[in-house]
Amino acid sequence: MACNHCVVRELNFQIKAHGELNLRVLPEVIHHLSRSNTIHKVEENVITIKEAEARDLLDFCNDHMESGKIEFRIDDQAWRPLSEMSTVMDMKWIDEVITKGLVTCYFQPIVNVREEIFAYELLSRFKKEDGSLIYPNEIFAAARNRGRLYALDRLCRMTAVKYAAPLNKKTFINFIPTSIYAPEFCLRSTVELANQLGVDPSLFVFEVVETEKVDDLAHLKAILTYYKDRGFEYALDDVGEGFSTIEMLLELKPHYMKLDMKYVQGVSSDPNKQKIAKQFLEKALEIQSVPLAEGVEFREDFEWLKQSGYQLFQGYLFGKPDPIPKQ
Numbered sequence: 001m002a003c004n005h006c007v008v009r010e011l012n013f014q015i016k017a018h019g020e021l022n023l024r025v026l027p028e029v030i031h032h033l034s035r036s037n038t039i040h041k042v043e044e045n046v047i048t049i050k051e052a053e054a055r056d057l058l059d060f061c062n063d064h065m066e067s068g069k070i071e072f073r074i075d076d077q078a079w080r081p082l083s084e085m086s087t088v089m090d091m092k093w094i095d096e097v098i099t100k101g102l103v104t105c106y107f108q109p110i111v112n113v114r115e116e117i118f119a120y121e122l123l124s125r126f127k128k129e130d131g132s133l134i135y136p137n138e139i140f141a142a143a144r145n146r147g148r149l150y151a152l153d154r155l156c157r158m159t160a161v162k163y164a165a166p167l168n169k170k171t172f173i174n175f176i177p178t179s180i181y182a183p184e185f186c187l188r189s190t191v192e193l194a195n196q197l198g199v200d201p202s203l204f205v206f207e208v209v210e211t212e213k214v215d216d217l218a219h220l221k222a223i224l225t226y227y228k229d230r231g232f233e234y235a236l237d238d239v240g241e242g243f244s245t246i247e248m249l250l251e252l253k254p255h256y257m258k259l260d261m262k263y264v265q266g267v268s269s270d271p272n273k274q275k276i277a278k279q280f281l282e283k284a285l286e287i288q289s290v291p292l293a294e295g296v297e298f299r300e301d302f303e304w305l306k307q308s309g310y311q312l313f314q315g316y317l318f319g320k321p322d323p324i325p326k327q
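Taking full-length UniProt numbering, the leading residue of the sequence shown gets 1, the next gets one more, and so forth.
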């Protein structure tokens, strides 16, 4: 059963007016909305209205009020300028993607030093009803704008678990820690699905992405502990980039450490990249984390990383993401 954060319901928009002109016009707006039974709630200078009626109110504000002195928000998010409201409404297509489950998974191989497939990373790919693809950066931006990140992340995790079940091989599945507000609620359905499908939990590696947005390390640790206590493993992605630092690596002690591709590509001929790659390698081994190099495209980089002690590798050299897992 999904939690309230993961269910796609009609949005409520809160509109807050400032300024002498706006506050003078506001009672008339409230009176009109009340007569048409479209207003949801009024608190001082804040109107709460359903999305279905919000477009007309937005047009009125732009035509008859000082729109620069009006703000809006959804689901108790931060207040934003009214000028951004139409963008949020134009992204309503994300609701359909989630409710209709318009997501599939591509498989990218992860190999060992002998270039044997050790695991697959499952990467979400999205499509509209007409079959056209939606790029991940576009869909996650829409999800954030409309407060659908919880629901989208859950859909991706659940879909990946279903795709992983027939493989009987270790699979890496991304998750966004900021989309999980309480592990015992948000992750329960993922764990239950894996159990229902009879998959050994140790075959799943949940990969922490977007650590730069994590401002509560204790919360992230609670999420990872929840996974670990149920037999799952976890990885730290993009190590060396942003907030995925050596300090973060030592704090989280992941089962797998994924070195960011900017230190992988060209490492065979770049002393600075070699130094950093070795530093992360040493720290990974120190905490018994398996070192994995991602973004490997050239054989000379692979050979250098292999000789240096990296144990797992991922990148176009071994296979691009594909709807059919490479054997």
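Note that CB positions come from ideal geometry on N, CA and C, so glycine has one too.
In this text, all values refer to a predicted model and were calculated from it rather than measured experimentally.
Bridge partners - residue i, DSSP secondary structure assignment
| i | result |
| --- | --- |
| M257 | L236, P291 |
| L312 | L292 |
| R73 | Q14 |
| R204 | Correcting the residue identity first, residue 204 is Phe in this sequence and not Arg. F204 is bridged to T171. |
| T48 | Q14, K41 |
| D322 | F107 |
Limits of the unbroken beta strand (DSSP E) element including residue i
| i | result |
| --- | --- |
| N124 | The question names Asn, but residue 124 is Ser in the sequence shown. Element bounds for S124: 117 to 127. |
| Q307 | Note, Q307: premise wrong, no beta strand (DSSP E); alpha helix (DSSP H) at 299 to 308. |
| N174 | 170 to 175 |
| F280 | Where F280 is concerned, there is no enclosing beta strand (DSSP E), although the alpha helix (DSSP H) it sits in stretches over 271 to 286. |
| E84 | Where E84 is concerned, there is no enclosing beta strand (DSSP E), given that its DSSP letter is neither H nor E. |
Sub-8 Å separation of residue i and residue j beta-carbons
| i | j | result |
| --- | --- | --- |
| I246 | Q288 | no |
| V264 | Q274 | no |
| P201 | G231 | yes |
| N12 | I70 | no |
| L312 | L292 | yes |
| K127 | L167 | no |
| V97 | I139 | yes |
| E297 | G315 | yes |
| V239 | L197 | no |
| V177 | V208 | This sequence places Pro at residue 177; Val is not what is there. Yes, they are a contact pair. |
| Y120 | T159 | no |
| K169 | L122 | no |
| M124 | P109 | The identity of residue 124 in the sequence shown is Ser, whereas the question assumes Met. Against a cut-off of 8 Å, the Cβ pair of P109 and S124 comes out as no contact. |
| P321 | Y106 | yes |
| V8 | D95 | yes |
| V290 | H255 | yes |
Continuous alpha helix (DSSP H) stretch holding residue i: start and end
| i | result |
| --- | --- |
| V111 | Unbroken run through V111 is the beta strand (DSSP E), 103 to 111; no alpha helix (DSSP H). |
| N62 | 51 to 64 |
| D130 | Unbroken run through D130: none, as it is neither H nor E. |
| A164 | 149 to 164 |
| T190 | 188 to 196 |
| T225 | 217 to 229 |
| T99 | 93 to 99 |
| P23 | Before going on, a small fix: residue 23 reads as Leu here, not Pro. L23 -> alpha helix (DSSP H) spans 20 to 35. |
| I180 | Careful: I180 lies outside any alpha helix (DSSP H) and carries neither H nor E. |
| L317 | It is not in any alpha helix (DSSP H) - L317 carries neither H nor E in the DSSP assignment. |
| E241 | Per DSSP, E241 belongs to no alpha helix (DSSP H) and is neither H nor E. |
Residue i, buried or exposed, once every other Cβ within 10 Å from all chains shown has been counted against 16
| i | result |
| --- | --- |
| G295 | buried |
| V111 | buried |
| A52 | exposed |
| Y227 | buried |
| I49 | buried |
| M1 | Any reading at M1 is ruled out, since the residue's pLDDT is 46, under 50, leaving its predicted position unreliable. |
| N195 | exposed |
| Q77 | exposed |
| D216 | exposed |
| A218 | exposed |
| L220 | buried |
| I173 | buried |
| N22 | buried |
| E31 | According to the sequence shown, residue 31 is His rather than Glu. Classification for H31: exposed. |
| R157 | buried |
| L250 | exposed |
| Q14 | buried |
| Y150 | buried |
| I324 | exposed |
| L133 | exposed |
| K258 | buried |
| R55 | exposed |
| T225 | exposed |
| S179 | buried |
| E233 | buried |
Contact test: residue i Cβ vs the ligand SAM heavy atom, cutoff 7 Å
| i | result |
| --- | --- |
| D75 | The ligand SAM is absent from the structure shown, which contains no ligands of any kind. |
Would you check if the segment 61 to 81 and the segment 108 to 119 touch, i.e. whether three or more CB-CB distances between them fall below 8 Å?
Because the criterion of three Cβ pairs below 8 Å is not met, the segment 108 to 119 and the segment 61 to 81 do not touch.
Would you call the segment 87 to 101 in contact with the segment 139 to 147, where contact means no fewer than 3 C-beta pairs closer than 8 Å?
yes
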